[in-house]
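**Q** My questions all concern the structure below.
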Amino acid sequence: MRKSIKVFIIVCLLGILIPIKPTYSSDIEIPKTVEAVIDKINQDMEKLYRKGNDYYPSYITKDGANLYLRKDLIQKRLDRVKEGDIKKNPNGFTFEMVYGTDHGADLNHNGTKMKEYSGYSKDGHHVSTEGVPWFAGWSGTQIQNFDMIPTPWINSRVIGKYGIATTPFDDYKDTERINKYLLDGTLEQSIIDGLTFVYGGDHRYKEFMYNNQNATLQDEPVYVDGAKPSKGGNWTHYVHVLQPPTEYSWGLGTIYIDSSIGITYLDIPLAPFILQTTDISAKFDSLPKEALAGERIKVAVSVASNFSDPVNPEFEWNITSGGNKLTAQDNGLSFSGHASSQSGNIKLVKNESRVLIAEFTMPRSDVTIQFKVNKDGKDPEEIILGNNVLNSSPKAVQVIVPKGLQYDILSVKDKFSLKNNPLVATLKLPRSDASWTSPATGKLNVNNDTPNLFREHKVTNNPDVNEWSESISRSPVFEATIHRKDFGDDPENKKWKKPAPEPKDPLRRDGTVSYSGSVSADYKYTVQNCTKNEKGEEECTPETKTGTESANFEVPGTDRKAYDVYVYNGLKEIPKQTFQNKINYSNADKTFKKDMYWENEPYNYDVIRWMYHLDENGKPYAPNGIKPDANDNGIAVPGQYQRVFTQQASANIAWKSEKTMAQEYATARKAAKDKKNNKKLYDKAVFPTDRDLQKYAYPIKSGYYFNPAGSYTFNVKTVTYKQSDADTKDHEDLVNTLIDSFRYETNLIYINNKKTAVNIANDPLDPKGGGFKTVPGILSAKNPKGVNGEVLLEVLDRSDKNEQRYKKEVEEIESSMQKTGTTHKFWKMVMEGYTDSSTLGSNTYYNYREFVKDGQKKMYKVTETTKVTIQINPKNTPIYTHANMQNGKYYVKAWVADTALSRGDHTYSKLGTLQGVDLLDNIEVTVIGSMFDDLNN
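Quick note, the working numbering runs 1177 ahead of the 1-based positions in the sequence shown.
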């Protein structure tokens, strides 16, 4: 007696005949009675296999008992034909040759009570009850993909475990060509048709599912139409045929499977020849289950025919997404292969496949692919139509929606359950009288297939299996961290993505997590070994049998996840601010104002941006070993480009006459007009009292003293921006430049202690016509000494002990790299992400805003004011004119020279030359006569 061994799926093949809708020719004749059916099948065994016309006896002997052919099951099939047209009952005239009675486990499927098995085959193999579900569940491994052992009937391992023997139908070859149905002389097509008829076409696991076991697989196919063993070769190389098919009866075979737990087996149906008619079939050769939007998808369909003559059926593709048809214009839809159109006719030749290909760009929603060939089965006429229509729904092609890492995210934790959760492995005892002797043990392995994407991964909710249960369920959760740097952008370590991608175009990567596993448990059962003694009495001895059952977790698979990393690392150059670089002049109110404007010298600063690590809930967190730089767990990430601080610098200059020459000489001049002879009144100069000379503004007679006089002031206020709060050289040098630009000038002729005629600068004058040449003399800060070497020009500046002439105000231009800190508007003008720099969009659209990195030199606004007074002859030293100075008009004036702003090479030097003041102060002196005139009088 053969024992049922649990495999990856428990497939009850012989009894499950899922109705299809074939069409049959009207001249088919079928047996009308049970006896006629038996007789017809026995005749076929002789006619088709030369096995005699009594191959199926009325009973068989098993374990000492007679098991009779179940005529009642044959009658049930005949009754189906009576109930309606043959077309409505396609399996009504196919029969199972079963012996014995119902036995095995009691089942209740959708309200119907049944036994696991309806009887035994001719050689004593269990035959499953028609309609029995897969009560042990399904692992998801399709039938053609099992690791089958070739020629098991001569394999010592299989024979040793199961005790099988070679049958006349193993690797059967009809060398005499007596069986008209075996086109290639083998049972290959019968096996393929049996699998396709029962499990192919639109059939899915949900048709065989018991009590919602492994419900996540309900829409998965268990067999691909017409599929050959994936290991290579034909089915006849693997199927141990126990009972061959006839025109009306099903055949039965077994495949043996090599697995990690040993050898298991699976029963295989062989279709009655009445079902092996001319047929056109289609199958997906290539069908991606999922794809990313934008990926190019290729779907291939293989179409085959076993019609003797070439046929030319119609075909049609229907590819839709969201209810809308894909088009060439919008989705790049194209067709190739043996047909380059969406619909039409395809020429098929027997046993030669034709491949049709559809390609398109994956849209942003799921795609359903339908393919139909000869969908009505009329041209040519077919019996089996279940394999004429393909539909990828609901599993393919599903769009993968990437998880996005926004512009300011360094990493994100991802946590997801596997798509097929819960994954279930179901163990089943091989016999109803067996019992478990150990807990189920094993493991569901969850593998990180992309470790350079899924970092710091771990799997939770997936303990190793060690439990007393037949149904083991696991719902693993996969956790990992996705890092920006794994996409080639690592701003945290100053490795910015080069070349920079367009901000709207993310960097995309995808990774996979695969999973598979199995469980096993030990069992035992007791058998009676019986013999007859000398008296003919039966004596039995119990024997305990042991073994191990195993089951795979359903479904071994792979989950694919995709991630989009958006990149924006700042502008190389910020829109440049407009600053004035010019000098404004104004002589209003005799203030002689000059306003200088220039762009301050630049200072380079490092900046940071704030980026974050996100947990699985999308909240910022601090990963182990990383210390955040802000209370909100922000990380201060270096900016790619330094930013340049600059600002509008300025200087305001105002000259004025503190005490004019007119004011200085007013007392003496008035005394002369009033004819007063008080010497004290003639403090600066001696003016004549002659009435006829009063008409001149400043008449003098040569030989008397005429002391230089006057006091002039300028104020300078500068605003500059420095990395120090100290006094600036900019201001100091500008003040000194202005001091050096002052001039006191006259062409009066003086006499020094050496009785030499000199100008006010003590330069000797050459005689000319009884007088002297007039050569103007100029006093300045650099040349303050005049006649007799006397200091006639004195500068009162910040060094003045008697008056505070210098004042400074310092304002820090505040900055903070903290979002909650204070950042001055001037900083915002030169950093990205602010309205002030015309780059607010960077923050709005790319979460990018810069802050001044802490720890750098501070910036200050330094406002300095200096008052400078230039005094002429502050000691009122008497300076005598030469007695021989010729009569005439002479001048005395104070003025400011044009000067280059090059001292110290400061930024304001770009302004070039600072214009002076042509005439700050002046008087006209009229020389009439000399002191000798007064002596003579």
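We put the CB at the ideal spot given by N, CA and C, even for glycine.
My assumption, with CB atoms under 8 Å, is that Asn1930 sits in contact with Asn1965. Please give the rounded CB distance.
**A** For the purposes of this step, residue 1930 is identified with residue 753 of the sequence shown, where counting begins at 1. For the purposes of this step, residue 1965 is identified with residue 788 of the sequence shown, where counting begins at 1. The pair is a contact, with the Cβ atoms about 5 Å apart (cut-off 8 Å).
**Q** Taking buried to mean at least 16 other C-beta atoms within 10 Å of its own C-beta, is Lys2038 buried or exposed?
**A** One-based indexing of the sequence shown puts residue 2038 at position 861. That one is buried.
**Q** Are there three or more Cβ pairs, one per stretch, closer than 8 Å when the region 1512-1523 is compared with the region 1402-1422?
**A** Touching, no, given that fewer than three Cβ pairs across the two stretches are closer than 8 Å.
**Q** Roughly how many angstroms separate the alpha carbons of Lys1198 and Phe1548, rounded to a whole number?
**A** Position 21 of the sequence shown holds residue 1198. Position 371 of the sequence shown holds residue 1548. Here Lys1198 scores only 33 on pLDDT, less than 50, and its place in the model is too uncertain to base an answer on.
**Q** Apart from the five residues on each side of it in sequence, which residues of its chain come closer than 6 Å, Cβ to Cβ, to Pro1779?
**A** Against the sequence shown, residue 1779 aligns to sequence position 602. Here the set comprises Val1821 and Thr1823.
**Q** With a threshold of 6 Å on Cβ separation, who are the neighbours of Glu1293 within its own chain once the five nearest residues in sequence on each side are excluded?
**A** Locating residue 1293 in the sequence shown gives position 116, counting from the first residue. Excluding positions up to five away in sequence, the list reads Gly1281 and Ala1282.
**Q** Would you kindly check if the distance between the Cβ of Leu1942 and the Cβ of Leu1956 is under 8 Å?
**A** Within the sequence shown, the letter at position 779 stands for residue 1956. Within the sequence shown, the letter at position 765 stands for residue 1942. Not a contact, by the Cβ cut-off of 8 Å.
**Q** Apart from the five residues just before and just after Thr2090, which ones in its own chain have a Cβ nearer than 8 Å to its Cβ?
**A** Reading the sequence shown from its first residue, position 913 is the one you call residue 2090. Taken in chain order, the residues that qualify are Asp2075, Thr2076, Ala2077 and Leu2078.
**Q** What are the start and end residues of the beta strand (DSSP E) that includes Gly1724?
**A** Position 547 of the sequence shown, counted from the first residue, corresponds to residue 1724. From DSSP, the beta strand (DSSP E) with Gly1724 extends over Glu1715 to Asn1729.
**Q** Excluding the 5 residues flanking Ala1849 on each side, which residues of the same chain have their C-beta closer than 7 Å to its C-beta?
**A** The residue given as residue 1849 occupies position 672 in the sequence shown. Excluding sequence neighbours, Ala1849 sits near Phe1864, Pro1865 and Thr1866.
**Q** Rounded to whole angstroms, what is the Cα-Cα separation between His2001 and Asn1761?
**A** Here residue 2001 refers to the residue found at position 824 of the sequence shown. Here residue 1761 refers to the residue found at position 584 of the sequence shown. Roughly 28 Å separates the two Cα atoms.
**Q** Would you tell me roughly how many angstroms separate the C-alpha atoms of Pro1680 and Lys1749, rounded to the nearest one?
**A** The residue given as residue 1680 occupies position 503 in the sequence shown. The residue given as residue 1749 occupies position 572 in the sequence shown. Going from the Cα of Pro1680 to the Cα of Lys1749 covers about 14 Å.
**Q** Around the Cβ of Ser1298, are there at least 16 other Cβ atoms within 10 angstroms (buried) or fewer (exposed)?
**A** Position 121 of the sequence shown, counting from 1, holds the residue named residue 1298. When all chains shown are included, Ser1298 counts as buried.
**Q** Rounded to whole angstroms, how far is the Cβ of Lys1605 from the Cβ of Glu1493, which I believe are closer than 8 Å?
**A** Reading the sequence shown from its first residue, position 428 is the one you call residue 1605. Reading the sequence shown from its first residue, position 316 is the one you call residue 1493. With a Cβ gap of about 44 Å, Lys1605 and Glu1493 do not count as contacting.
**Q** What is the residue span of the alpha helix (DSSP H) that Phe2109 lies within?
**A** Within the sequence shown, the letter at position 932 stands for residue 2109. Element bounds for Phe2109: Met2108 to Asn2113.
**Q** From Lys1857 to Gly2106, what distance separates their C-alpha atoms?
**A** As a working mapping, residue 1857 is identified with position 680 in the sequence shown. As a working mapping, residue 2106 is identified with position 929 in the sequence shown. The straight-line gap from Cα to Cα measures roughly 23 Å.
**Q** Considering only their Cβ atoms, is the gap separating Phe1949 from His2059 smaller than 8 Å?
**A** As a working note, residue 2059 is residue 882 in the sequence shown. As a working note, residue 1949 is residue 772 in the sequence shown. A contact, by the Cβ cut-off of 8 Å.
**Q** DSSP three-state call for Asp2095: helix, strand or coil?
**A** Position 918 of the sequence shown holds residue 2095. The answer is strand: DSSP assigns Asp2095 an E or B state.
**Q** Can you find the residues in the same chain that come closer than 8 Å, C-beta to C-beta, to His1660, ignoring five residues on each side of it along the sequence?
**A** Looking up residue 1660 in the sequence shown gives position 483. Closer than 8 Å at the Cβ level, and outside the excluded window around His1660, lie Leu1587, Ser1588 and Arg1632.
**Q** For Val1304, which residues of its own chain have a beta-carbon under 8 Å away from its beta-carbon, when the five flanking residues on both sides are left out?
**A** The count along the sequence shown starts at 1 and reaches residue 1304 at position 127. Only Leu1191, Gly1192, Glu1273, Val1275, Tyr1294, Ser1295, Gly1296, Tyr1297, Ser1298 and Leu1429 meet the Cβ criterion.
**Q** Could you please give the first and the last residue of the uninterrupted beta strand (DSSP E) stretch that includes Leu1973?
**A** Here residue 1973 is taken as the residue at index 796 of the sequence shown, counted from 1. Looking at the DSSP string, the run of the beta strand (DSSP E) that includes Leu1973 is Leu1970 to Leu1973.
**Q** Could you say if the region 1240-1257 and the region 1376-1395 meet the contact criterion of at least three C-beta pairs nearer than 8 Å?
**A** Not touching, per the Cβ criterion.
**Q** Pull up the CB-CB distance for Tyr1873 and Thr2103, whole angstroms please, since I reckon it's below 8 Å.
**A** Taking the first residue of the sequence shown as position 1, residue 1873 is located at position 696. Taking the first residue of the sequence shown as position 1, residue 2103 is located at position 926. 4 Å between Cβ atoms; contact.
**Q** Are at least three pairs of beta-carbons, each pair with one atom in the region 2053-2072 and one in the region 1795-1803, less than 8 Å apart?
**A** Segments in contact, no.
**Q** Which residues does DSSP list as the beta-bridge partners of His1303?
**A** Mapped onto the sequence shown, residue 1303 falls at position 126. DSSP output for His1303 lists Tyr1297 as bridge partner(s).
**Q** Considering only residues of the same chain and omitting the five flanking positions on each side of Asn1710, which have a CB-CB separation below 8 Å?
**A** Here residue 1710 refers to the residue found at position 533 when the sequence shown is read from its first residue. Here the set comprises Glu1716.
**Q** Whole angstroms is fine: what's the gap from Met2006's alpha carbon to Glu2027's?
**A** Residue mapping note: residue 2006 aligns to position 829 of the sequence shown, counting from 1. Residue mapping note: residue 2027 aligns to position 850 of the sequence shown, counting from 1. Going by the C-alpha atoms only, they are around 11 Å apart.
**Q** Can you name, in chain order, every residue of its own chain whose Cβ lies under 7 Å from the Cβ of Thr2160, other than the five neighbours on each side?
**A** For the chain, the structure presents residues 1178 to 2114; residue 2160 sits outside this window and is missing.
**Q** Keeping to the same chain, check which residues put their C-beta closer than 8 Å to that of Lys1350; ignore five residues upstream and five downstream.
**A** Counting from 1 along the sequence shown, the entry for residue 1350 is found at position 173. Gly1362 and Thr1363, listed in sequence order.
**Q** Please state if the CB of Ala1698 and the CB of Trp1613 are separated by a distance shorter than 8 Å.
**A** For the purposes of this step, residue 1613 is taken as residue 436 along the sequence shown, with counting starting at 1. For the purposes of this step, residue 1698 is taken as residue 521 along the sequence shown, with counting starting at 1. Result yes, Cβ atoms of Trp1613 and Ala1698 sit closer than 8 Å.
**Q** Using the DSSP secondary-structure output, state which residues sit across from Ile1341 in a beta bridge.
**A** Mapped onto the sequence shown, residue 1341 falls at position 164. Looking at the DSSP assignment, Ile1341 forms no beta bridge with any residue, so it has no partner.
**Q** What is the rounded straight-line gap between the Cα of Arg2128 and the Cα of Thr1271?
**A** This structure does not reach residue 2128, given that the chain is present from 1178 up to 2114, and the question cannot be answered.
**Q** Would Thr1905 be called buried (16 or more neighbouring beta carbons within 10 Å of its own) or exposed?
**A** In the sequence shown, the residue the question calls residue 1905 occupies position 728. Buried, by the Cβ-count rule.
**Q** Provide the residue span of the alpha helix (DSSP H) that contains Asp1216, from first to last.
**A** The residue given as residue 1216 occupies position 39 in the sequence shown. Unbroken alpha helix (DSSP H) run through Asp1216: Val1211 to Tyr1226.
**Q** Tell me which same chain residues have a C-beta within less than 6 Å of the C-beta of Ala1404, skipping the five on either side of it?
**A** Along the sequence shown, read from residue 1 onward, the residue named residue 1404 stands at position 227. If we look at Ala1404 and ignore the five residues flanking it on each side, its Cβ neighbours are Gln1321.
**Q** Which residue marks the beginning of the beta strand (DSSP E) containing Tyr1692, and which one marks its end?
**A** Position 515 of the sequence shown, counted from the start, is the residue given in the question as residue 1692. Note, Tyr1692: beta strand (DSSP E), Leu1684 to Lys1709.
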